[in-house]
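So the sequence shown is numbered by this note's numbering: it starts at -11 and just counts up by one.
These notes are about the structure you will find just below.
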Amino acid sequence: MQSLQITPKNAWLGRRAFLAALGGGAVASAVPFPSLRPSPLSLAEKPNRIEDVTTYNNYYEFGTNKKDPVVNAKSFRTDPWTLRVEGLVSKPLQLSLPEILKLAPLEERVYRFRCVEGWSAVIPWAGYSLSKLIEKAAPRSGARFVAFETYFDEGQMPLAKQGRLAFPYVEGLRLDEAMHPLTLLATGMYGEALPPQNGAPVRLIVPWKYGFKSAKSLVRIRLTNEQPATSWNLKKANEYGFYSNVNPNVPHPRWSQATERRLGELSKRPTLLFNGYEKEVAHLYRDLDLMKNF
Ligand code: MTE
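Pasting the structure below:
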């Protein structure tokens, strides 16, 4: 499944022009996106077309329909940006986007992405393991969980109220999940900066969990000793568990998780346990009943 090939810059026909037409934040700027290293954690699977994943989004701050974010996030202001790392750390951090981009070499990571609603995609992200950032902040011994808080401004996000979620959108991981090499701090996709509708300028990607765990437009990463309350879990705990590992065997009240539909395809395919990352992550859950801790 692994490939050390970096996806050629021109592999996605018309990609740059497509992103520019979407008004994709830094994409439209004159500053070139940093070059990317290949990663042994990349899949050899064919990525989706960029149109598939930039025009069909969940970003409730910009509306609840899949076609809303590409339109409503167009003028989302992401410059200047500050990301804080705080809580149970010895060296709290406050980083601008250029500082985030320079903190570690950027890699291309081709990952599967699976939404709890039953659709999936394969996406070439740009970024580095979140562990690189957390290590810099020097976690203190009591830290066991990580809370991810995302940007919220009613002025820029007037449609958020339709979402009926607790904003700012918060997600959480156990510290060992956050430190797993697959857990990605993403600043780009398809070789360019993240478009606003996909979580510009910096988001979380946890490829073995349902997509709602992958919080967009991060402003605060807080290490804690207690499991943090999370937006979707507060809304419907029986549908959005804290763990939410992709699992075809755990039934969901609304969407069967046995199969999924890849964006751009008509037929369904079987859902893979841990979204196909079982070998890499199953050890994290050795002592956990996955049916109860969904
Ligand atoms: N992050 C924020 N801040 N707001 C959101 O509404 N939606 C989540 C997640 N991150 C969401 C978010 C959900 S439900 C999914 S499936 C993914 O983002 C969708 O990411 P994509 O639009 O890049 O496919």
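In this text, a Cβ means the ideal position worked out from N, Cα and C, and glycines have one as well.
What do you reckon, are the CB atoms on residue i and residue j nearer than 7 angstroms?
i, j, result
"residue 155", "residue 192", "no"
"residue 276", "residue 107", "no"
"residue 73", "residue 126", "no"
"residue 262", "residue 229", "no"
"residue 184", "residue 64", "yes"
"residue 232", "residue 197", "yes"
"residue 211", "residue 115", "no"
"residue 234", "residue 102", "yes"
"residue 118", "residue 166", "yes"
"residue 153", "residue 223", "yes"
"residue 71", "residue 89", "no"
Go through its chain and collect everything with a Cβ distance to residue i's Cβ below 6 angstroms, but skip five positions before and after it.
i, result
"residue 85", "69 and 189"
"residue 236", "245, 246 and 259"
"residue 213", "130 and 132"
"residue 218", "158, 159 and 160"
"residue 0", "Unreliable positioning characterises residue 0 in this predicted model, as indicated by a pLDDT of 46, which lies under 50. A coordinate reading is not provided."
"residue 242", "none"
"residue 273", "none"
"residue 49", "145 and 148"
Leaving out five residues on either side along the sequence, give the residues of the same chain with a beta carbon under 8 angstroms from the beta carbon of residue i.
i, result
"residue -2", "With a pLDDT of 46 at residue -2, under the threshold of 50, the modelled position of this residue cannot be trusted; read the value that follows with caution. Closer than 8 angstroms at the Cβ level, and outside the excluded window around residue -2, lies no residue."
"residue 124", "73, 79, 81 and 91"
"residue 271", "none"
"residue 200", "46, 103, 104, 159, 220, 228 and 232"
"residue 164", "272"
"residue 239", "245"
"residue 249", "106, 107, 108, 255, 256 and 257"
Run the proximity test for residue i: is its beta-carbon closer than 6 angstroms to any non-hydrogen atom belonging to the ligand MTE?
i, result
"residue 130", "no"
"residue 231", "no"
"residue 45", "yes"
"residue 186", "yes"
"residue 52", "no"
"residue 125", "no"
"residue 99", "no"
"residue 199", "yes"
"residue 265", "no"
"residue 138", "yes"
"residue 90", "no"
"residue 116", "no"
"residue 228", "no"
"residue 149", "no"
"residue 223", "no"
Output the boundary residues of the alpha helix (DSSP H) element that contains residue i.
i, result
"residue 39", "38 to 42"
"residue 222", "219 to 223"
"residue 59", "56 to 60"
"residue 163", "163 to 166"
"residue 75", "It is not in any alpha helix (DSSP H) - residue 75 instead sits in the beta strand (DSSP E) that spans 71 to 75."
"residue 269", "266 to 269"
"residue 150", "148 to 151"
Within its chain, find whatever has a CB closer than 7 angstroms to the CB of residue i; leave out the 5 residues flanking it on each side and keep chain order.
i, result
"residue 51", "57, 60, 147 and 150"
"residue 264", "100"
"residue 27", "95, 96 and 97"
"residue 23", "none"
"residue 42", "10, 58, 183, 185 and 186"
What residue does the beta strand (DSSP E) around residue i start on, and which one ends it?
i, result
"residue 331", "Any property of residue 331 remains undetermined from this structure, which presents the chain solely from -11 to 282."
"residue 135", "133 to 138"
"residue 82", "81 to 83"
"residue 174", "172 to 177"
"residue 98", "95 to 102"
"residue 49", "No beta strand (DSSP E) holds residue 49; DSSP gives it neither H nor E."
"residue 91", "Counting along the chain, residue 91 falls outside any beta strand (DSSP E), and DSSP gives it neither H nor E."
"residue 248", "247 to 250"
"residue 208", "206 to 212"
"residue 192", "191 to 193"
Using a Cβ-Cβ distance under 7 angstroms, would residue i count as near chain E?
i, result
"residue 270", "Although the question refers to chain E, the structure presented lacks it and comprises just one protein chain."
Checklist entry - Is there contact between the stretch 168 to 188 and the stretch 85 to 95, where contact requires at least three CB pairs shorter than 8 angstroms? => result Contact between the stretch 168 to 188 and the stretch 85 to 95 is present, because at least three Cβ pairs lie under 8 angstroms.
Next on the checklist: Could you check whether the stretch 137 to 150 touches the stretch 194 to 207, counting it as contact only if at least three pairs of C-beta atoms, one from each stretch, sit closer than 8 angstroms?
Outcome noted: Touching, yes.
Next on the checklist: Using 8 angstroms as the cut-off, can you tell me whether the stretch 23 to 42 makes contact with the stretch 103 to 122, which would need three or more C-beta pairs spanning the two stretches below that distance?
Outcome noted: Because the criterion of three Cβ pairs below 8 angstroms is met, the stretch 23 to 42 and the stretch 103 to 122 touch.
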